[in-house]
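>
Residue numbers (this note's numbering), protein chains in the order written: chain C, 1 to 621; chain X, 1001 to 1273.
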């Protein structure tokens, strides 16, 4: 497996089964719905796994924590022969991460008698111990497990404390661990990632003696919630917070991740309890007001909201205060919207409805309520049009992201659906004919293709049949018009205007065997002749076997309208005179008004090649 | 009747982004071209209230700004029928660049789209000047502004060793905006100060240090333009400073050792000056 395939395999695990295992990584979540399959940032996971891969296949890993969904275990399973998952007594078995005969799940309670023996037994022969720093029991787990890791074992823990994803100051612990335990033992603590990262060190006989001595500077608060009006109330920082009753302490990390269906906040226990009681009665009435508004019955909706405002005069301000702590809580946004809409600040109510729509664009009830609020409460036709536009855009974005995830593979750009979400037009230089189908699948309807190779052009023309706004010309591209010789191998896959580099390692069937004369144009020249509309080049895709920089040089008139550039780059000598990736990058970043910054680079499955994605730096005028 | 054109401005980003908008608001107000209403979240008035005056009104929402930004689009505060600009802090990525050139670019584009006059924004990078019209406090001893609170910048990781800093520079007081966890004499707790008060305090300090680039940016005042400044926890090989300007002394320091070296070198230089 090469690097790209390995990374794709990891991404595949992260996106395999969203319903069961969550989706994506810690840093690829919507703020209102956080359910990562792997609770670490994507770059950290990739860097960590590549690091483990370079150390060779590891025999045994012991894992504790990470939400219990098994994502980490499935990823580690790409390299590691046997994984032991230590679960808490009250935790479920991590979903489908147990490989028959190779992986095991053991119950482990760090505070129970016999925990030390259990730790030692679990860690016998382990090459990796991986702990979840966001766990409430991290301190105790580390103290029990880390000293038992055998010499040579990597001891690692996730640290999201500076990203607000830890229940104890793990960053402080890590600093103390290095200073007081590792350095005196001649070891170092390494870190992968920034605010949310992974720390690791290599265990030795000396470190094993010292690591158990380090304490997490202050233990996480273990307050017991107070029960009132069907809610659990607890002090969290300077506020009192109420969430639906579950009999468990309120979890700050879960609060931060919008993990509670409802969150109410107030400055004191008494006011929080009152808010919870009031909301218990008034909430259903405001819900009813929303239904009435969605149905177009503004008069009764208004009456319902007004009666709530009379009976519970402090409720509206309480809801607004709660929104500061839980700005994405839908069960808070909607009642707050109803309270405001039928008060002296109706536009505030509409703004709250729009905020709710942002996370639920396909929920008909909210969309109808927002539309009726614009039309019948505010009498604002412009706002109605804006809302409908916004909703259409969001639905398109969701659809494109789904298509990228489920149906498109193999190209770097499809791994970044945000970059394609607003694209409506493209200019494609070279590349394979399949790209045409992929662009069309994404709804990018306005496309211009330039393809010099006759067979590829014939295949492209067939694909474009019936596609009204797509056009193809058979020519090579460069910085200026002229004639050129196109060199072709037996497989006709990599037709190039450049000759092979003497040091190129090329398969026999791809070696240049013949050449044909082709007309050469520039994109500027094609725009000037009317073949290309320069305003319809939001995506510029160049895959031209070494001519990429020349094509860019001849595309200046298009660049003011380009948002995204995808360029195939050669990372090894393949063609004589082909530009280095750094040369392409320097040229694009040196453009004055229309400079582009490198957004992503991904190696191709084929050796010596890759795809670079550039994003316009400055906003398009 | 005013010859000025009505214009509503707001920033839907987090509180720190509103601070970056200050120079834009100030220059739009000074241009004399507009009757301005500036919309802000509840409690954020302190960041722009000094701009209020003839032709400039600050309108506050009843909703406080959350960590990610405005809970609901602040454009709801716009007077009926007024053109509205939701200020974008530059660039074409999901996250704004927070560079003045890009901010100007984006704002002028928005003005042009609304058919409003452009070309009045200065080219020279302005400071945020949260300290405007205020008096910096007098300090008993030389001070170092230590912004050890942080915002949610995912690109920064740093742990201050306050004890080590206090020991390394015993002749300086460290004014710690994120509070103090060690009872050392030269560690002073500045956590209760507002952003405006912090900006004023920074003008009395000799050296400015922070963790994340925001809220360290409250120290971007004219008096502090060329004062030694450092943001800790960034890799300078891959991160660029925000709100960059010619002669910007900001250094990005990856570790505690680099920070101690920076402070010692600048402390000596300040003493010799």
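Backbone N, C-alpha and C define an ideal beta-carbon position, used for all residues, glycine too. Just so we're clear, the structure is a prediction, and the values are computed from it rather than from any experiment.
Closer than 9 Å, Cβ to Cβ, to anything on chain C: give me those residues from the region 1091-1107 of chain X, in chain order.
The residues in question are 1091, 1092, 1093, 1094, 1097, 1101, 1102, 1105 and 1106.
> Looking only at its own chain, which residues have a Cβ that is under 7 Å from the Cβ of residue 1143 of chain X, when we skip the five neighbours before and after it?
Here residue 1143 of chain X is taken as the residue at index 143 of the second chain, counted from 1. Cβ within range, chain order: 1172, 1173, 1175, 1204, 1205 and 1206.
> Quick check on residue 1089 of chain X - is its C-beta less than 8 Å from some C-beta in chain C?
Translated into positions along the second chain, residue 1089 of chain X becomes position 89. Not an interface residue.
> Are the C-beta of residue 1154 of chain X and some C-beta of chain C separated by less than 8 Å?
As a working mapping, residue 1154 of chain X is identified with position 154 in the second chain. It does; some Cβ of chain C falls within 8 Å.
> The alpha helix (DSSP H) spanning residue 1100 of chain X covers which residue range?
The residue labelled residue 1100 of chain X in the question sits at position 100 within the second chain. Taken as a continuous stretch (DSSP letters only), the alpha helix (DSSP H) holding residue 1100 of chain X covers 1100-1113.
> At a CB-CB cut-off below 7 Å, which residues of chain X make contact with residue 632 of chain C?
The structure shown does not extend to residue 632 of chain C, since chain C is modelled only from 1 through 621, so no value can be given for it.
> Using the Cα positions of residue 455 of chain C and residue 497 of chain C, report the straight-line distance between them to the nearest angstrom.
Position 455 of the first chain, counted from the first residue, corresponds to residue 455 of chain C. Position 497 of the first chain, counted from the first residue, corresponds to residue 497 of chain C. Rounded to whole angstroms, residue 455 of chain C to residue 497 of chain C spans 16 Å at the Cα level.
> Got a sec? Which residues, its chain only, sit under 6 Å from residue 429 of chain C by beta carbon, not counting five neighbours each side?
The residue given as residue 429 of chain C occupies position 429 in the first chain. Once the five neighbours on either side are set aside, the close Cβ partners of residue 429 of chain C are 450, 477, 542, 544 and 551.
> Pull up the DSSP beta-bridge partners for residue 1217 of chain X, would you.
The sequence position of residue 1217 of chain X within the second chain is 217, counting from 1. In DSSP, residue 1217 of chain X forms no bridge with anything.
> Could you confirm whether any beta carbon from chain X is found closer than 8 Å to the beta carbon of residue 186 of chain C?
For this step, residue 186 of chain C is matched to residue 186 along the first chain. No, residue 186 of chain C lies away from the interface with chain X (no Cβ there is under 8 Å from its Cβ).
> Quick one: does residue 1073 of chain X have its CB under 8 Å from some CB of chain C?
Residue numbering aside, residue 1073 of chain X sits at position 73 when the second chain is read from its first letter. At least one chain C Cβ lies under 8 Å of residue 1073 of chain X.
> Can you pull the chain C neighbours of residue 1150 of chain X, defined as C-beta to C-beta under 9 Å?
Counted from its first residue, the second chain places residue 1150 of chain X at position 150. Per Cβ cutoff of 9 Å: 162 and 195.
> In chain order, what residues of the region 316-345 of chain C put their CB closer than 9 Å to some CB of chain X?
Per Cβ criterion, the list reads 316, 317, 320, 321, 323, 324, 325, 326, 327, 328, 333, 336, 337, 340 and 345.
> With distance defined between alpha-carbon atoms, name the residue in X/1238, X/1156, X/1264 and X/1226 nearest to residue 1246 of chain X.
Here residue 1246 of chain X is taken as the residue at index 246 of the second chain, counted from 1. For residue 1246 of chain X, the nearest C-alpha among the options comes from X/1226.
> Assuming residue 203 of chain C and residue 149 of chain C are in contact, meaning their beta carbons sit under 8 Å apart, how far apart are those beta carbons, in whole angstroms?
As a working mapping, residue 203 of chain C is identified with position 203 in the first chain. As a working mapping, residue 149 of chain C is identified with position 149 in the first chain. At roughly 5 Å, the Cβ-Cβ gap stays under 8 Å, so residue 203 of chain C and residue 149 of chain C are in contact.
> Report all residues from its chain with a CB closer than 7 Å to the CB of residue 531 of chain C; omit the five preceding and five following residues, and keep chain order.
Taking the first chain and counting its residues from 1, one reaches residue 531 of chain C at position 531. So the qualifying residues of the chain are 473.
> State the CB to CB distance for the pair residue 377 of chain C and residue 308 of chain C, rounded to an integer number of angstroms; the pair is presumed to be in contact (CB under 8 Å).
For this step, residue 377 of chain C is matched to residue 377 along the first chain. For this step, residue 308 of chain C is matched to residue 308 along the first chain. Not confirmed; about 16 Å, so no contact.
> Residues bridged to residue 86 of chain C by DSSP?
Taking the first residue of the first chain as position 1, residue 86 of chain C is located at position 86. Looking at the DSSP assignment, residue 86 of chain C forms a beta bridge with C/64 and C/106.
> Mind listing the chain X neighbours of residue 40 of chain C? Cutoff is C-beta to C-beta under 9 Å, in chain order.
Looking up residue 40 of chain C in the first chain gives position 40. Within 9 Å Cβ-Cβ: nothing; residue 40 of chain C doesn't reach chain X, min ~12 Å.
> Any beta carbon of chain X sitting closer than 8 Å to that of residue 618 of chain C?
What you label residue 618 of chain C is simply residue 618 of the first chain in a count that begins at 1. It does: the Cβ of residue 618 of chain C has a partner Cβ on chain X nearer than 8 Å.
> Taking the alpha carbon of residue 242 of chain C as the point to measure from, which residue in C/415, C/52 and C/322 has its own alpha carbon closest?
Taking the first residue of the first chain as position 1, residue 242 of chain C is located at position 242. Cα-wise, what sits closest to residue 242 of chain C is C/322.
> Give me the Cβ distance between residue 1059 of chain X and residue 1038 of chain X, rounded to the nearest whole Å; I'm assuming they're in contact under 8 Å.
For the purposes of this step, residue 1059 of chain X is taken as residue 59 along the second chain, with counting starting at 1. For the purposes of this step, residue 1038 of chain X is taken as residue 38 along the second chain, with counting starting at 1. Between residue 1038 of chain X and residue 1059 of chain X the Cβ distance is about 7 Å, and since that is below 8 Å, they are a contact.
> For a contact defined as C-beta to C-beta under 7 Å, what are the partners of residue 1076 of chain X on chain C?
Residue mapping note: residue 1076 of chain X aligns to position 76 of the second chain, counting from 1. Near residue 1076 of chain X (Cβ distances below 7 Å), the residues of chain C are 347, 348, 350 and 351.
> Where DSSP assigns a beta bridge to residue 602 of chain C, which residues make up the other side?
Looking up residue 602 of chain C in the first chain gives position 602. Per DSSP, C/611.
> Closest Cβ-Cβ distance between residue 1062 of chain X and chain C: below 8 Å?
For the purposes of this step, residue 1062 of chain X is identified with residue 62 of the second chain, where counting begins at 1. It does; some Cβ of chain C falls within 8 Å.
> Using the beta-carbon count (16 or more within 10 Å), is residue 395 of chain C buried or exposed?
For the purposes of this step, residue 395 of chain C is taken as residue 395 along the first chain, with counting starting at 1. Under this definition residue 395 of chain C is an exposed residue.
> Answer yes or no: does any C-beta atom of chain C fall closer than 8 Å to that of residue 1157 of chain X?
In the second chain, residue 1157 of chain X corresponds to position 157, counting from 1. For residue 1157 of chain X, the answer is yes, since a Cβ of chain C falls inside 8 Å of its Cβ.
> Give a yes or no on whether the C-beta atoms belonging to residue 248 of chain C and residue 211 of chain C are separated by under 8 Å.
The sequence position of residue 248 of chain C within the first chain is 248, counting from 1. The sequence position of residue 211 of chain C within the first chain is 211, counting from 1. Contact flag unset, no.
> What residue range does the alpha helix (DSSP H) around residue 75 of chain C cover?
The sequence position of residue 75 of chain C within the first chain is 75, counting from 1. That run of the alpha helix (DSSP H) goes 71-76.
> Measuring only between beta-carbons, confirm whether residue 418 of chain C sits less than 8 Å from chain X.
The residue labelled residue 418 of chain C in the question sits at position 418 within the first chain. So, interface residue.
> Would you grab the beta carbon distance between residue 144 of chain C and residue 115 of chain C for me? Rounded to a whole angstrom, and I think it's under 8 Å.
One-based indexing of the first chain puts residue 144 of chain C at position 144. One-based indexing of the first chain puts residue 115 of chain C at position 115. Confirmed, Cβ separation roughly 5 Å.
> What does residue 157 of chain C pair with, by DSSP beta-bridge criteria?
Here residue 157 of chain C is taken as the residue at index 157 of the first chain, counted from 1. Residue 157 of chain C is bridged to C/131 and C/199.
> Which stretch, first to last residue, makes up the beta strand (DSSP E) that contains residue 1251 of chain X?
For the purposes of this step, residue 1251 of chain X is taken as residue 251 along the second chain, with counting starting at 1. Where residue 1251 of chain X is concerned, the enclosing beta strand (DSSP E) stretches over 1251-1253.
> Go through its chain and collect everything with a Cβ distance to residue 245 of chain C's Cβ below 7 Å, but skip five positions before and after it.
Taking the first residue of the first chain as 1, we reach residue 245 of chain C at position 245. Excluding residues within five positions, the ones whose Cβ falls inside 7 Å are 227, 230, 231 and 232.
> Hey, would you say residue 598 of chain C sits closer than 8 Å to residue 586 of chain C, going by beta carbons?
Along the first chain, read from residue 1 onward, the residue named residue 598 of chain C stands at position 598. Along the first chain, read from residue 1 onward, the residue named residue 586 of chain C stands at position 586. It is not a contact, given that the beta carbons lie outside the stated cut-off.
> Residue 1086 of chain X CB to nearest chain C CB: under 8 Å?
The residue given as residue 1086 of chain X occupies position 86 in the second chain. So no, residue 1086 of chain X is outside the interface.
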